[in-house]
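Heads up, the thing below is written out as structure tokens.
There are 4 protein chains.
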Amino acid sequence: MSTPSSSPAKPVVVLRPAPQRTDRIFTPAALDSLRDRFTVVDLEKDPAEEALEEVLPDAFAIVGQPDLPAERLAAAGKLRALLNVEGNFFPNVDYATCFERGIHVLGCGPAYAQAVAEYSLALALDLARGISREDRAFRAGQERYVSDGNADAVLLHGSDVGLVGFGNLGRSLNRLLAPFRPTLRVYDPWLPPDVLREHGVLPASLDETLTRSRFVFVLATATDDSLHLIGERELALLPDGARLVLVSRAPVVDYPALLDHVARGRLLAGIDVWPNEPVAADDPARDLDGLVLSAHRAGGIPQAFQAIGDMVLDDLTLLAQGLPPVRMQSAARELVGRYRNRPVS
Amino acid sequence: MSTPSSSPAKPVVVLRPAPQRTDRIFTPAALDSLRDRFTVVDLEKDPAEEALEEVLPDAFAIVGQPDLPAERLAAAGKLRALLNVEGNFFPNVDYATCFERGIHVLGCGPAYAQAVAEYSLALALDLARGISREDRAFRAGQERYVSDGNADAVLLHGSDVGLVGFGNLGRSLNRLLAPFRPTLRVYDPWLPPDVLREHGVLPASLDETLTRSRFVFVLATATDDSLHLIGERELALLPDGARLVLVSRAPVVDYPALLDHVARGRLLAGIDVWPNEPVAADDPARDLDGLVLSAHRAGGIPQAFQAIGDMVLDDLTLLAQGLPPVRMQSAARELVGRYRNRPVS
Amino acid sequence: MSTPSSSPAKPVVVLRPAPQRTDRIFTPAALDSLRDRFTVVDLEKDPAEEALEEVLPDAFAIVGQPDLPAERLAAAGKLRALLNVEGNFFPNVDYATCFERGIHVLGCGPAYAQAVAEYSLALALDLARGISREDRAFRAGQERYVSDGNADAVLLHGSDVGLVGFGNLGRSLNRLLAPFRPTLRVYDPWLPPDVLREHGVLPASLDETLTRSRFVFVLATATDDSLHLIGERELALLPDGARLVLVSRAPVVDYPALLDHVARGRLLAGIDVWPNEPVAADDPARDLDGLVLSAHRAGGIPQAFQAIGDMVLDDLTLLAQGLPPVRMQSAARELVGRYRNRPVS
Amino acid sequence: MSTPSSSPAKPVVVLRPAPQRTDRIFTPAALDSLRDRFTVVDLEKDPAEEALEEVLPDAFAIVGQPDLPAERLAAAGKLRALLNVEGNFFPNVDYATCFERGIHVLGCGPAYAQAVAEYSLALALDLARGISREDRAFRAGQERYVSDGNADAVLLHGSDVGLVGFGNLGRSLNRLLAPFRPTLRVYDPWLPPDVLREHGVLPASLDETLTRSRFVFVLATATDDSLHLIGERELALLPDGARLVLVSRAPVVDYPALLDHVARGRLLAGIDVWPNEPVAADDPARDLDGLVLSAHRAGGIPQAFQAIGDMVLDDLTLLAQGLPPVRMQSAARELVGRYRNRPVS
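Protein chains in written order, with this note's numbering: chain G, 1 to 345; chain H, 346 to 690; chain Z, 691 to 1035; chain P, 1036 to 1380.
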């Protein structure tokens, strides 16, 4: 069934997934299918720039996020798609040329959305009920039974919930929140209000979202505009006892200000992303009772990684049939240059 | 606002909520409404048996769970309803006489269902992603970033989930689980399969439920039949790496056997109810990394308590209008004698 | 496999389903199971009162709605359940005695709920889009293409919808309406507002429900209180162009007033129940373009009838095991005497 | 309110909506907003080619579907978006140049999806229950009461349902069908199976979809590949008594074969699109009892038209801010040349 790799008919797919790993994103079965349908040039073990440059003229698609300035793209005359498997778009690609040439620029963000949404809900429910705090107390022999440990416990059901940002992650989270029947306010300056209404949520300003929400999920990506979007002024808008979940990008929040509110007992927070990772050994956050501490774990789970490989395989297969990709996310030419993310190491 | 007790028109409602408390289940507004619509005889501060016996002949309804043997019921000729606000039915009431006389026997279980369902989901998500375990590691300076701490992390989405028991709690939990699109198997020997199918879940035997589920929620109430329903044999059926959530009644599970599976790393478990509460200071459970420890906190939160008062007020109001109660749960004459619960202290 | 009917161990179930029919409610498989588990005394073909009276002393349950005055119940000392398979409770049974004796009085209303809910939605969508009206025009060679026939066409999505009554049927319909994201107001005087809120609908007065709804579903059962609940005054509250669906009981609506509003083009209506059935040959309703005419067809479909038999079998099986019934609806002692329904012939 | 067209700061938007109409797609408020934010050049009343050509060099966006061959696009140096408000992409635009130049090619299909989905459900429920057929019988004095008219009535709940095509419409319909808990099989050769599974439906071949479905919705668009996709062989696969709903494009189905199956009583069908419109006066379809006849009315309702205008306004506003459009559908360069639709007159 499998065609020999010398067959000229099969499009050439270049694998250079670093810092992602081939064996993490492709199951053996998926990799077999990939090799079956394409001529796979695997450069994972060959980081030399020359190796990449040599194969560019034949490449139908590149899986990975290598540097692709204008001159390299010029050499890649057959290139139809660039499949980013890291999760962020960096400024190491001449995206303008890609869009001009009709090269699909695809991101793997959707592969992480469910994992991050479940994690965000887990953090919110932990903050709602004091799960990890009381587990620690129990282990220290200081557990409080029944209602004694529940003074600040609240239901998610029927509560006021705010989302800051409504991309893939916000939509996945919205689905998980639906049976809790929240009043859900969303701030997203990139979306017209009717798009939000179609998803059953209330469009709101940032201030209204913060002022009225008991639970706030910060899901905004990092751009120049979103740097410290949630600063001291915004944190002060949150009602006493509000629970804040931060799972997207650390720069969106003024970190010292947030820690201060938590230390004073005014807010509870679940934090998965940090201004500096690893976090300093003496960071005061490590001792705050009102935090749930998490080490950038929201998205990077085995099933999410494998979803990337499955999406890559599906979309490459569609592209080879002359059909548009449907699983990865097409980068918007208007946005791809705005992101200010660092690679996850 | 309150009408004097001499008004003959208003039905007499006796309050003896112990071990529950009036000010915990009734908001001031709810209590005002209650006093407005009924002649309230408040015996919370008067635990004398004589006080209760004195008011019985006039009582339209009793809010609480005092001893009501046949002779007391015989003296309560106008009694129309008994509203249990503790959560369990104890054998201190002559239920047979209640049913014969058409006295409504109502339980407040539905008031706790949402709180316990949210807590159960919180425990399951914690076990799925290691939330409290990694929070502890972070506080100890041993956090693992990104995928390093996610080796055993799994999605709830699309997973095989088993429910043991499908009463109020199971139904509430089923609603919360729906957007995760699980394959949901349910074992409940009191329900015909079509009832389960109508709720969109798969009827299954206990063994099939355990054998095929990555997440198992033990929601069964304690009866003679359910004692150690989940014993060593049953625990051994669970697949490696399964997550078990126990939030209903401790006697349903063989506790030492469960701890053994967790200690061996075969299972992860979230435990909210214990064979003996408080748990012994030297109980080995306190040190098990594979546990999330919780001190009987799933249901007793402020909003659940207030829901009890709201339900009591609503149903008393309906009963006084000659309408059937709709918010509390009518005890089934076939089941009320089967429960083997201890009061929560 | 089947035990002979002489076996003393099997409880005696009496079948007298008229005007319902055994072969309509029981599939052959269900009837086999019933005969397997019970000693079935089939009186369908034996309408003599003596036949019934003869078996009463042994009867564990009666499937049907025969006359059961006090003296007959007195003779039925082992009777545990009365399973109505017609759909309405008539005053031919001494219900008070049933409740005193703890005899379950069960109704089959839930078996019809899905069928009636789907039919109600079908009528509403027909009225929204003119399906049957334009089908008639097409057959007459007068079809209007594309937007020409759509001047009064409206979406159900996002519209204001009112339900008058929120029992089994209202709840089933609410589930079907959910993905249309309506603003759903409900008037039901037998239910406290919080019950409605728990179902995600807005409690409202009758007047508010009518005044603000583009679609109104009249689902109220017939009682002394609901006679002409929707009269001329109430119909006049409906906004111009409102669509009214009547599927419960004709006496709830002032029929001439409704026809007048439809004739004037102010309202559109789908009517399944009529003050007199069969409807007179010269009834003006037959010619009204603004009506969808239906001959009491909403509930009585083959799958609904078979659901009755399945429910009967399931609940009898539970009762024989000492468990409470869960599929049929337990009659409320407060309500069973209030219904003013006629048998469906 | 409107700024004079001399203002250089506001981007120029050309309106040439024919055969669509400006006053049908824009509410007065929407048109005011459009004129407020843009310099609107309204060519609706000026069909001369010269008028269009004159404004092209300044055009930021064109709302409509005028001919735009390469030479015209060459003259439109500032053009950023082409907003089709008719619903179909015709071969009168040099799409390749648009994609090369990064000109957004946007379609208004999503504006119709909800209207068509509701209509499709209306037709399916009519076929399930004989709504229009029995309405006709009632008007002819031949109504059949209760179960007499329900011999072939079926529930949608729990049934096997097939969708042929899963684009905007299929997704909207899938949401409406969810509370019916169908077993939903989908055939869509443009989508990988996992995309379908993510929507909770079963990927299936066309043959399996047809063979196992009681209800089939034909939602496929017209391409060379889909011509007579449902021919005699495929229709013969459908089970007896199946209900077929055709709302997308007539060429997808072999029309004489379909009518033959309906005439023989083997299938029931709701047809909204016809091989020739208007349908011939003597077309035998007009007399078939097993049809619900509809004159291309599924999508073109006032609310759908206004949704187009709202989407146009929202996306133009985003584009003017340098953000990507989110409400209309971006044409896929791989597909835009494949459609074989005729304009709706």
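No residue lacks a Cβ here, since even glycine has one placed at the ideal position from N, Cα and C. Treat the numbers as computed from the prediction; the structure is a model and nothing was measured.
Anyone know if the C-beta pair for residue i and residue j falls short of 7 Å?
| i | j | result |
| --- | --- | --- |
| residue 358 of chain H | residue 406 of chain H | yes |
| residue 201 of chain G | residue 216 of chain G | no |
| residue 1191 of chain P | residue 1148 of chain P | no |
| residue 106 of chain G | residue 325 of chain G | yes |
| residue 1195 of chain P | residue 1240 of chain P | no |
| residue 488 of chain H | residue 496 of chain H | no |
| residue 333 of chain G | residue 315 of chain G | no |
| residue 1060 of chain P | residue 1343 of chain P | yes |
| residue 1134 of chain P | residue 102 of chain G | yes |
| residue 674 of chain H | residue 455 of chain H | yes |
| residue 1180 of chain P | residue 986 of chain Z | yes |
Please go through the same chain and pick out, in chain order, the residues whose beta-carbon is closer than 7 Å to the beta-carbon of residue i, but skip the five residues on each side of it.
| i | result |
| --- | --- |
| residue 1201 of chain P | 1221, 1223, 1226, 1231 |
| residue 461 of chain H | 514, 592, 643, 644 |
| residue 1243 of chain P | 1220 |
| residue 274 of chain G | 250 |
I need the DSSP call for residue i, collapsed to helix, strand or coil.
| i | result |
| --- | --- |
| residue 170 of chain G | helix |
| residue 285 of chain G | helix |
| residue 573 of chain H | coil |
| residue 455 of chain H | helix |
| residue 1179 of chain P | coil |
| residue 243 of chain G | strand |
| residue 1345 of chain P | helix |
| residue 24 of chain G | helix |
| residue 563 of chain H | strand |
| residue 346 of chain G | Because chain G here runs from 1 to 345, residue 346 of chain G falls outside it and cannot be looked at. |
| residue 371 of chain G | Nothing about residue 371 of chain G can be read from this structure; chain G reaches only from 1 to 345. |
| residue 135 of chain G | helix |
Output needed for residue i: all residues of its chain with C-beta closer than 6 Å, excluding positions within five of it in sequence on either side, in chain order.
| i | result |
| --- | --- |
| residue 579 of chain H | 555 |
| residue 977 of chain Z | none |
| residue 468 of chain H | 590, 615, 637 |
Hey, out of the options, whose CA is closest to residue i's CA?
| i | options | result |
| --- | --- | --- |
| residue 837 of chain Z | P:1090, P:1339, P:1106, P:1101 | P:1339 |
| residue 1074 of chain P | P:1045, P:1234, P:1117 | P:1045 |
| residue 1003 of chain Z | Z:727, Z:962, Z:793 | Z:727 |
| residue 416 of chain H | H:566, H:402, H:428 | H:402 |
| residue 873 of chain Z | Z:893, Z:1010, Z:933, Z:815 | Z:893 |
| residue 1165 of chain P | P:1353, P:1327, P:1356 | P:1327 |
| residue 567 of chain H | H:364, H:421, H:434, H:391 | H:434 |
| residue 1081 of chain P | P:1207, P:1050, P:1134, P:1070 | P:1050 |
| residue 1028 of chain Z | H:613, H:668, H:682, H:681 | H:668 |
| residue 519 of chain H | G:180, G:171, G:172 | G:180 |
Going by other Cβ atoms of all chains shown within 10 Å of its Cβ, with 16 needed for buried, is residue i buried or exposed?
| i | result |
| --- | --- |
| residue 276 of chain G | exposed |
| residue 975 of chain Z | buried |
| residue 707 of chain Z | buried |
| residue 944 of chain Z | buried |
| residue 410 of chain H | buried |
| residue 718 of chain Z | exposed |
| residue 825 of chain Z | buried |
| residue 347 of chain G | The shown model of chain G, from 1 to 345, leaves out residue 347 of chain G, and the question about it has no answer. |
Any heavy atom of the ligand GDP closer than 6 Å to the Cβ of residue i?
| i | result |
| --- | --- |
| residue 1121 of chain P | Summarising the ligand content, the structure contains no ligands, and the ligand GDP is consequently not present. |
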